[in-house]
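Visitor:
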Amino acid sequence: METGKSLAHDSAEIQVTGAALYTDDTVTNAGELVVGFVGSPVAHGVLKRIDLSSLYRIPGFVAAFTWQDIPGVNLFGPVIADEPFLVKDVCEYVGQPIVVLAAENASALRKARPQVQIEVEEETPWLTISQALKQNSFLGTPREIKRGDFEGAWRKADHQIEGVFYSNGQEQFYLESQAVITHPGEGNEILIQASTQNPTELQEVVAHMLGIGFNEVVCSCRRMGGAFGGKETQAALPALMAALVTKKTGRSARIAYDKDTDMHVTGKRHPFRSEYQAAVDKEGNLLGLKVELHSNGGAYTDLSLAIMERALLHVDNAYFIKNITLRGQVCKTHLPPNTAFRGFGGPQGMAVIENLMEDIAAKLRRDPYEIRSQNCYGNSPRDSTPYGQRVESRLPQILNQIHESSDYKTRLEKIGQFNETSLTHLRGISLTPMKFGISFTATFLNQANALINILKDGSIQVSTGGTEMGQGLTVKIRQIVAEELGVPSEQVKYMTTSTEKNHNTSPTAASAGTDLNGMAAANACQAIRARLAEFAAELFADTQVGLSKSPEAIEFSEGKVWDRRCPEKQVTFGELALQAYRNRVNLGERGFYRTPGVGFNQFTGKGSPFHYYTTGACVAEVEIDRFTGQWKLERADLLLDIGHSINPGIDRGQIVGGFVQGLGWVSMEELRYQEDGKLLSCSPTSYKIPNFGDLPKDLRIELYENPAPNGSIRKSKAVGEPPLMLALAAFAAVKQALGHISPGKIVPLAIPATSEEVLRCMTWLEDPEAAWGLTNSEIPLISKPGQSHTNMAEKVA
Amino acid sequence: MKRDYIFFFCNGQPIWAKGLAVLQTLSAWLRKERQLTGTKVVCAEGDCGACTVLLGYPSSEKIKYEAVNSCILNVHQLDGLHVITIEGLAWGDRLHPVQQAMRDGFGSQCGFCTPGIVMALAANALVDSESTRKKLTAKEALIGNLCRCTGYEAIIDSAEASKKINSWKLADQYPPGAIVKQLKVETKIPFALQEVDPSLEQEIPRKCWRPRTLKDAIEIKRKHREARWLAGGTDLCVQINKERIDPKELIATSEISELCGIREEGNDLIFGGNVSWRELEEWAQLNWPIVKDMLDLFASPQIRNRGTIAGNLANASPVADSLPWLYVSEAEIGTCDGEKWRWIPIEKFYKGYKLLDLRKFELIGAIRIPKSHQSLSQRLFKVSKRRDLDISTFTAAIQWQIVEGRFQQIRLAYGGVGPTVIRLHKTEKVLLSKPCTKDLIEQAGKIAAAEISPISDVRSSNHYRNRLAETILKKFFYEEISVLA
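So the protein sequences, as listed, match chains A and B. Numbered per this note's numbering, the first sequence spans residues 3 to 799. Numbered per this note's numbering, the second sequence spans residues 50 to 534.
1) Look up GLY659/A in the DSSP assignment and say whether it is helix, strand or coil.
2) Give me the Cα-Cα distance between HIS161/A and ILE626/A, rounded to the nearest whole angstrom.
3) What are the residues in the region 688-715 of chain A lying within 8 Å of chain B by C-beta distance?
4) In the DSSP assignment, find the unbroken beta strand (DSSP E) run with LEU104/B in it and report its ends.
5) Work out the CA separation of GLU173/A and ILE133/B for me, nearest whole Å.
6) Given that a residue counts as buried once 16 or more other Cβ atoms are within 10 Å of its Cβ, and exposed if not, what is LYS389/B?
7) Run through the DSSP bridge pairs and tell me what THR499/A is partnered with.
8) Is it the case that the Cβ atoms of THR5/A and SER718/A are separated by a distance below 9 Å?
9) Would you check if the distance between the CB atom of CYS257/B and the CB atom of ALA280/B is smaller than 9 Å?
10) Go through its chain and collect everything with a Cβ distance to ALA114/A's Cβ below 7 Å, but skip five positions before and after it.
11) Which word fits ASN793/A, buried or exposed, when buried means at least 16 other C-beta atoms lie within 10 angstroms of its C-beta?
12) With a CB to CB cut of under 7 Å and the five nearest residues on each side skipped, what residues in its chain are close to LEU517/B?
13) Which parts of the region 325-352 of chain A are runs of the beta strand (DSSP E), unbroken and 3 residues or longer, counting only runs that do not cross its ends?
14) Determine the chain A residues that contact THR74/B at a beta-carbon separation under 9 Å, and present them in chain order.
15) Counting only the same chain and skipping the five closest in sequence on each side, list residues whose C-beta sits under 7 Å from that of CYS385/B.
16) Going by C-alpha to C-alpha distance, which of SER550/A, LEU549/A and TRP564/A sits closest to ILE2/A?
17) Looking at CYS97/B and GLN158/B, is the spacing between their C-beta atoms short of 9 Å?
18) Which chain A residues are close to ALA203/B, counting only those with a beta carbon under 8 Å from its beta carbon?
19) Quick one: what does DSSP say LEU242/B is sitting in, helix, strand or coil?
20) The alpha helix (DSSP H) that contains GLU313/B, what's its start and end?
21) Return the first residue and the last residue of the beta strand (DSSP E) that TRP78/B is part of.
22) Please confirm whether LEU461/B has its beta-carbon closer than 9 Å to some beta-carbon of chain A.
23) Kindly give me the distance between the Cβ atoms of THR198/A and ALA255/A, rounded to whole angstroms, as I take these residues to be in contact under 8 Å.
24) Is TYR706/A helix, strand or coil by DSSP?
25) Pick helix, strand or coil for TRP774/A, following the three-state DSSP scheme.
26) Can you give the beta carbon distance from TYR376/B to ALA462/B, rounded, assuming they're within the 8 Å contact cut?
27) Taking beta-carbon pairs under 9 Å, can you tell me which members of the region 500-511 of chain B lie near chain A?
28) Determine the DSSP secondary structure at THR510/A, reduced to helix, strand or coil.
29) Alpha carbon to alpha carbon, how far is GLY248/A from ILE214/A?
30) Ordered along the chain, which non-local residues of its own chain (more than five positions away) have a Cβ less than 8 Å from that of THR426/A?
31) Let me see if you follow: with CB-CB separation under 9 Å, is GLY348/A close to chain B or not?
32) Could you work out which residues of chain B lie near THR412/A, taking near to mean beta carbons separated by less than 7 Å?
33) Going straight from the alpha carbon of ALA301/B to that of LYS237/B, what length do you get?
34) May I ask you to list, following chain order, the residues of the region 427-443 of chain A that have a beta carbon less than 7 Å from some beta carbon of chain B?
35) Mark GLN350/A as exposed unless 16 or more other C-beta atoms lie within 10 angstroms of its C-beta, in which case mark it buried.
36) Mind checking PHE605/A: buried by the 16 CB within 10 Å criterion, or exposed?
What follows is the structure, given as structure tokens:
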């Protein structure tokens, strides 16, 4: 069996020697131009004048382009084409591209940038959700998912718990910043080499912008240096810039953002503001829930509506809530358009209810585990989600197992004692479940095609629309193909992703890369294998010894092929391929796959959007410094049901990596903006992602042994996004720890729980007089230097 | 006599470089001129480690290699050295043990951070037992490297696994004898550059000197007033990369012998301006352990290997991690104009935000600290979003002695609470000679909060800093004082 093996990552050897080539590592072409841009100096304003006259004095400067130079359409967007490529009238975020520059070399480009004169009439920007609400500024229409009678439940509730929960955004912080190279072809043809999760989209947006057919454009991607959703749509702008330069100059063009530029102008995880009302009975049962979610979408729609949809579909997380009303609306603000980031709204939705679970426990003075456990999905009728899909998972068993294996109960008691006696530290522990729906909620995206080529030496090429960003998709697909064709994985090569081989592909996203592309590849393999079996059957048939032609009896294994009834007579897969070729057997195949049984009506808020759920749970224990608010994760136990893993080594990497990314979101990663809309935390000096010191001392990962997983390809389950949400346990544990200060009081903690946020909460709980403003905004806005010293744009309501 | 080219080795190959090429960053030179694209640039500010290479310094017949950030290092700074990049680490087809272990242990995912991580671990693997350097744990060795994919576990496991793989000696792969000899011959006389930059509109030549005596250095500075001093480059190069400055003239100080070394003079310790944070760390480990503890939270191995004391003082950041310690240790800054030295108490040296008492033709030559401070208790506090490799939100140094239950020798300095680091004289007065009680600390906290004027910025709000001014004293009390009672 090739699947189930922990084969090394596809590029591991060339990555450790520095030989792996990323977009900007590609050899420079003769005459290639360096591309950059000049963006809006303000977050909101009317573009009055562009003066490029002084550029032409600069040695090495080649060309500058504005919206007037665009041959085709100046608007793009994955769902709604509302985003201008180059500003024509109104600037809507700081750094929004206005002028594209091309130069012979980087230093000429550097000289040129400050010579571009842009005049903008500045207008007041709105940056936060509350500011957008005051302006009635939205993207798209509100979404609603509703079941039962929340109002009735609320009126009858023993406990009414309400509040507002904030979570800030998060920078993807892929290490390789956006990079694209374009080459001119014959006539209208253009070739794009890009770091993108979505080659098909780049193909289409570039064609639209240039006013040419999709068939004139080929986009390829060898690999990305990380993406995490940040290259699902946001590679479009750099691709458009380079393509315009290539079209206009007839020369190759390269654009590679530096990290500061990338952080300033690309979209991030959406900040959310969620207003909730929970109806709870005496026993702690959540009888009704109402949540109004608002996300900060930035200036244009991008993927915001789909992200809000996924947030709404994940507010329930692991809990059955009979009466529920969920409403979501995306706010338009003057920030770069926020976009996909691992979890895609799921984390923001789940955070609301996990936060609420802690609040219920605090109010009822109960162990939060009991509250979670008693509200968990279970058998019918407690297995129906608010949108009507049935939850076929083993959540109660998972909760139970990790409760035991992590020794939760004993540790909870010990922590209670510790907090009674320690004068310097507080500890907390929490157990949170996770249920994440797999499939694109936009049903049409759940399709994939794959191309298999078998060559005359028996080596195999597989191509799909799936892109490799570090997640290990390519090795997994090689394993799937190898297993289907009965050859060792080494015999299969995953080829550069290109729109020329695989067309109309979906982005590599939604954790579904292996599910969709692996299935399409397997389908192609099965077709070829059937043909080869037919051919081999003829080859092995020997009437003299009574061996009739029987394709069903042909075995493909370990690179050999034989008839089961006569195992001593074998040929290698290579020999068979050569003979098949000579006998004019088709050795190539395209496979297609569409996920069965998924569908969701966004207008009624009902349906079965997901093929299945990936589930799990986490127990996190934290320790807080009572004087500084700094905290660390002491121990984390993770338990996931990912079905039958195709590559356990790769999957463990996804689990730990996703978890630590989630930990960054709930703890130290904080986007801070100046009140004029300029991002201040714009490089790793000021925006801190977890580093080596932040891995918990004690990290335990277990895979739940599900005897009958309802997964996808080879009964595996998607693993890309789900582990990120396990980090909510750490956030809940911090809340829990703070709860010890003033038992019974609800702890108003926001995401991220930075040391400042934790000390602020601690101060408020201990001595409200000494406390400073409670969070009233999902993003901190800082006054411009030289102005007043207050930091929050909005004060306590 | 001047030499107009620099000479160094790159992956065992001799390189002569001249002209404007020597003014670019090493990472740019590697990637654009040598097509050694394994070295990645992510942040261009020394905070991610993706550009890490090994820099070899000849010492007698050996070469001592250290991990450095190639994105904040000028090519001319390689003069007389040997640089090894990720492409030069494997020996032919044989992978270095770190490479092998990383490959087999799922140590890479997207792979963009991988070359830097491999090089940082390889540098640590080179530290041998006879060296004064302590071998770091994998986590410590990698504090200067970021990875966004793996969550770090597989990398740490790979680092452990690599220790069990036998390897060749780097000295066999790159025999130091011949390299050292040729480096010496080629770099006998100091280097200086003068070259017209065609990318500038006016014909301004760019200039760069690498003087070897204080006298020469000051002489150059007197003739070229606009020239910037370049020490390790860990700050200046960041500012150049981020297009905040574009100095046309640079004087590199690293070869000035008078600025090197740590010595004792009478009752004082003298730290030369060229002393790197790594050298200070090695010294402190034996001579002043508290200072060693502070340095553990100071920058990354790569930065500590290049950054100097003088550079850190000149940068004058109000959140520089070393400053509160220097304030409570009553350090004096030695400035020199080639002839005369002035010794200025650190509190007077900083006159305002990034405003130094440094005259036109002076450079920062040394720090002087009375030895008596070594025997006092000190504690350094750093509050930041992330524990390691993060610029502080707030820093504090407290020095004290307890005599018969009362505070003596109490000195407090806070950073991140105003335009400069400050000594809290009023708070000190409240504490001095008083019995160490909780009430006293609370009273002192209120005074401390009143003595400072923090602002809100990218790292935190002013409220947080004001609160920390109080709570840090409580932390000090509960963790250092009341535990003794």
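Yeah, the Cβ is synthetic: ideal placement off N, Cα and C, and Gly gets one too.
Guide: Walking through what the data contain:
1) helix
2) 30 Å
3) SER688, LYS690, ILE691, PRO692, ASN693, PHE694, GLY695, ASP696, LEU697 and LEU701
4) 101-108
5) 33 Å
6) exposed
7) CYS223/A
8) yes
9) no
10) LEU57, ILE60, PHE63, LEU103 and ALA105
11) Any reading at ASN793/A must be qualified, since the residue scores a pLDDT of 32, below 50, and its modelled position is unreliable; the value itself is stated next. That one is buried.
12) VAL432 and PHE443
13) 325-333
14) Simply none; closest approach about 11 Å.
15) LEU263, GLU411, LEU412 and GLY414
16) Only positions 3 to 799 of chain A appear in the structure, and residue 2/A is not among them; the question remains open.
17) no
18) ARG654, GLY655 and VAL658
19) strand
20) Run containing GLU313/B: none in the alpha helix (DSSP H); it sits in the beta strand (DSSP E), 311-314.
21) Neither: TRP78/B is in no beta strand (DSSP E) and is coded neither H nor E.
22) no
23) With a Cβ gap of about 16 Å, THR198/A and ALA255/A do not count as contacting.
24) coil
25) coil
26) 3 Å
27) SER502, PRO503, ILE504, SER505, ASP506, VAL507, ARG508, SER509, SER510 and ASN511
28) coil
29) A quick correction: the sequence has Thr, not Gly, at residue 248/A. Going by the C-alpha atoms only, they are around 14 Å apart.
30) ASP627, ARG628 and PHE629
31) no
32) Ordered by position in chain B, no residue passes the 7 Å Cβ test against THR412/A, which lies about 26 Å from the chain.
33) 17 Å
34) none
35) buried
36) exposed
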